[in-house]
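In this text, residue positions in the sequence shown follow this note's numbering: the first is 71, and each later residue adds one.
To keep things clear, I will list the structure first and then write my remarks on it.
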Amino acid sequence: MTSLELDPKLAPNQTDRYSRQVLFPGIGADGQRSLSASRIAIVGCGATGSALASLLGRAGVGMIRIIDRDYVEPSNLQRQALFDESDAAESLPKAIAAARKIVAFNSQIVIEPQVADLTPANIEPLLNGIQLVLDGTDNFETRYLLNDFAVKNSLPWIYTAAVGSYGVTLNVLPGQTACLACIFPDPPRGAVETCETAGILNSAVNLAASIAATEALKLLIGARDRLRRTLLSFDVWTNARAEVSAAKPRVGCRPCGNREFVHLAGEGRPHITLCGRNSVQIHEQHRPINLAEMSLRLKPHGSVRHNDFVLKFWPDPYEITLFPDGRAIIKGTTDASVARSLYARYVGS
Ligand SMILES: [Zn+2]
Numbered sequence: 071m072t073s074l075e076l077d078p079k080l081a082p083n084q085t086d087r088y089s090r091q092v093l094f095p096g097i098g099a100d101g102q103r104s105l106s107a108s109r110i111a112i113v114g115c116g117a118t119g120s121a122l123a124s125l126l127g128r129a130g131v132g133m134i135r136i137i138d139r140d141y142v143e144p145s146n147l148q149r150q151a152l153f154d155e156s157d158a159a160e161s162l163p164k165a166i167a168a169a170r171k172i173v174a175f176n177s178q179i180v181i182e183p184q185v186a187d188l189t190p191a192n193i194e195p196l197l198n199g200i201q202l203v204l205d206g207t208d209n210f211e212t213r214y215l216l217n218d219f220a221v222k223n224s225l226p227w228i229y230t231a232a233v234g235s236y237g238v239t240l241n242v243l244p245g246q247t248a249c250l251a252c253i254f255p256d257p258p259r260g261a262v263e264t265c266e267t268a269g270i271l272n273s274a275v276n277l278a279a280s281i282a283a284t285e286a287l288k289l290l291i292g293a294r295d296r297l298r299r300t301l302l303s304f305d306v307w308t309n310a311r312a313e314v315s316a317a318k319p320r321v322g323c324r325p326c327g328n329r330e331f332v333h334l335a336g337e338g339r340p341h342i343t344l345c346g347r348n349s350v351q352i353h354e355q356h357r358p359i360n361l362a363e364m365s366l367r368l369k370p371h372g373s374v375r376h377n378d379f380v381l382k383f384w385p386d387p388y389e390i391t392l393f394p395d396g397r398a399i400i401k402g403t404t405d406a407s408v409a410r411s412l413y414a415r416y417v418g419s
């Protein structure tokens, strides 16, 4: 596991850094110490994840593991506050770009970037040693997987989502409150609005992330009596706001009532179409790839470039992004079979 850390001796005095937060009676010196000793994971580092990581990194959460499968693109910059134009030009993985930014503003905490897609096969090692998970994902598949894992292991997590001008968030305290499946027993069916179809306001994301980050602070310092026990949603354009009680688990809930963890068992996992673009991810392949060698191999077939983290290849009219673990994102199609055949042709079957 890689850590980005600077020499703590070079950093400004901790007391001074957090003085305004320590002055806030809800936190205080004890709360600040608890935050320094805390270990959290942020799954997905797009707009929501960027805001969460920025707020909690600046607040002094001692260790933040950032798990993200994607790379930075120009269309991200309108709302994904940890990234800049050079990250997009380099197609840097979001986890890596985020870690570099956070270390630059807080060198006293540990950031663990993980360029990975959270799956039933890797969720256990990726969330090992974590006290609280924050949701920065853009899809229900990963959220239900996270919910299963969290309920099974009594690990608190905070659901956060935003699309258009709408944001929603829920604290899941397994055994105490409702879980995601108590409220939404099944993933939404049919056409679901995404950032691609409905667009997104950066202010809606940041409000949702601010609320979730504050709940995280309360949980990490042990102010559990202050935690919200509702599903809270709001629309920053219409100013509509709604709250649904999530105070108790639902009788008959599959994961938290019946201890059935179908998403963790990996049932029915399809290829994923990512939010925000016309693309398919190939993620079952576990074939370590030497990006430099692959770059040479692909050169006769189209334009190709790579860095330490990612390779990009353009067999017209598609764009293939390849990661060192063999995972690929294929842009220009939503058809899994087209993506699979491109992968077989250029990477291997
Ligand atoms: Zn439940």
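Even glycine gets a Cβ: it sits at the ideal position worked out from N, Cα and C.
Contact check, residue i vs residue j under 8 Å by CB: the rounded distance?
| i | j | result |
| --- | --- | --- |
| G119 | I110 | Not quite, the Cβ-Cβ distance comes to about 12 Å (not below 8 Å), so this is no contact. |
| N276 | A121 | 5 Å |
| R149 | A117 | 4 Å |
| P319 | A248 | 6 Å |
| V233 | L301 | Contact doesn't hold; Cβ gap of about 15 Å is too wide. |
| T32 | A279 | This structure cannot speak to residue 32, because the chain is shown only from 71 to 419. |
| A282 | I228 | 5 Å |
| R213 | L250 | 6 Å |
From residue i to residue j, what distance separates their C-alpha atoms?
| i | j | result |
| --- | --- | --- |
| V92 | N309 | 32 Å |
| A274 | D205 | 15 Å |
| A335 | E194 | 12 Å |
| S312 | V131 | Note that residue 312 is Ala in the sequence shown here, rather than Ser. Whole-angstrom Cα-Cα distance: 30 Å. |
| L366 | L188 | 30 Å |
| S89 | A129 | 11 Å |
| F379 | P226 | 31 Å |
| Y413 | H376 | 17 Å |
| P95 | G396 | 49 Å |
| L290 | A159 | 37 Å |
| E211 | H333 | 8 Å |
| C252 | V374 | 47 Å |
| I166 | D256 | 33 Å |
| D218 | S315 | 20 Å |
| A81 | C115 | Interpretation of A81 is limited by its pLDDT of 45, a score under 50 that renders its predicted location unreliable; the figure taken from the coordinates is listed afterwards. So the alpha carbons of these two residues sit roughly 25 Å apart. |
| G245 | R294 | 14 Å |
| A268 | V306 | 14 Å |
| K79 | G127 | Because K79 carries a pLDDT of 41, less than 50, the predicted location of this residue cannot be relied on, and the following value inherits that uncertainty. Taking the straight line from one Cα to the other gives about 18 Å. |
| F304 | Y236 | 6 Å |
| V180 | L361 | 28 Å |
| I137 | K164 | 9 Å |
| L196 | V203 | 11 Å |
| G101 | K288 | 9 Å |
| A99 | L243 | 25 Å |
For residue i, which of the options has the nearest alpha-carbon?
| i | options | result |
| --- | --- | --- |
| Y141 | G327, P325, A186, E182 | A186 |
| L381 | F393, S373, T239 | F393 |
| R410 | H353, A362, K369, F379 | H353 |
| E143 | R135, D157, L152 | D157 |
| R135 | S161, N176, P183 | P183 |
| T404 | R415, V314, E389, D395 | E389 |
| I359 | G418, A165, G327 | G418 |
| N348 | P387, A282, P325 | P387 |
| R296 | E285, L215, Q201, F304 | E285 |
| S47 | R213, N223, F175, L361 | Since the first residue of the chain shown is 71 and the last is 419, residue 47 is not available in this structure. |
| R298 | N241, N192, A362 | N241 |
| A151 | K171, I137, A107 | K171 |
| L215 | A191, S235, I200 | A191 |
| I97 | M133, V350, G292 | G292 |
| I270 | N146, R415, F254 | N146 |
| K56 | K222, Y416, L105 | Here the chain covers residues 71 to 419 and nothing more, so residue 56 does not appear. |
Taking only three categories from DSSP, how would you classify residue i?
| i | result |
| --- | --- |
| S235 | coil |
| E182 | strand |
| Q102 | helix |
| E330 | coil |
| V221 | helix |
| V203 | strand |
| Q246 | coil |
| E389 | strand |
| E75 | Below a pLDDT of 50, predicted positions are generally treated as unreliable, and E75, at 47, falls in that range; the measurement from the model is reported next regardless. The answer is coil: DSSP assigns E75 none of H, G, I, E or B. |
| A151 | coil |
| L80 | The pLDDT assigned to L80 is 38, lower than 50, so where the model puts this residue is not dependable, and the model offers no usable value. |
| R296 | helix |
| L188 | coil |
| D405 | coil |
| P144 | helix |
| V374 | strand |
| A111 | strand |
| T308 | coil |
What span of residues does the alpha helix (DSSP H) with residue i cover, start to end?
| i | result |
| --- | --- |
| S365 | 361-368 |
| K288 | 272-291 |
| R90 | 89-93 |
| E194 | 193-196 |
| A312 | Counting along the chain, A312 falls outside any alpha helix (DSSP H), though it belongs to the beta strand (DSSP E) covering 311-315. |
For the beta strand (DSSP E) containing residue i, name the first residue and the last one.
| i | result |
| --- | --- |
| F383 | 381-384 |
| K401 | 398-401 |
| R128 | Run containing R128: none in the beta strand (DSSP E); it sits in the alpha helix (DSSP H), 117-129. |
| R357 | First-last for R357: undefined, no H or E at that position. |
Practice task
Please list, following the chain, all residues that have a C-beta closer than 7 Å to any non-hydrogen atom of ligand 2.
Solution key: With respect to small molecules bound, the structure shown includes ligand 1 and not ligand 2.
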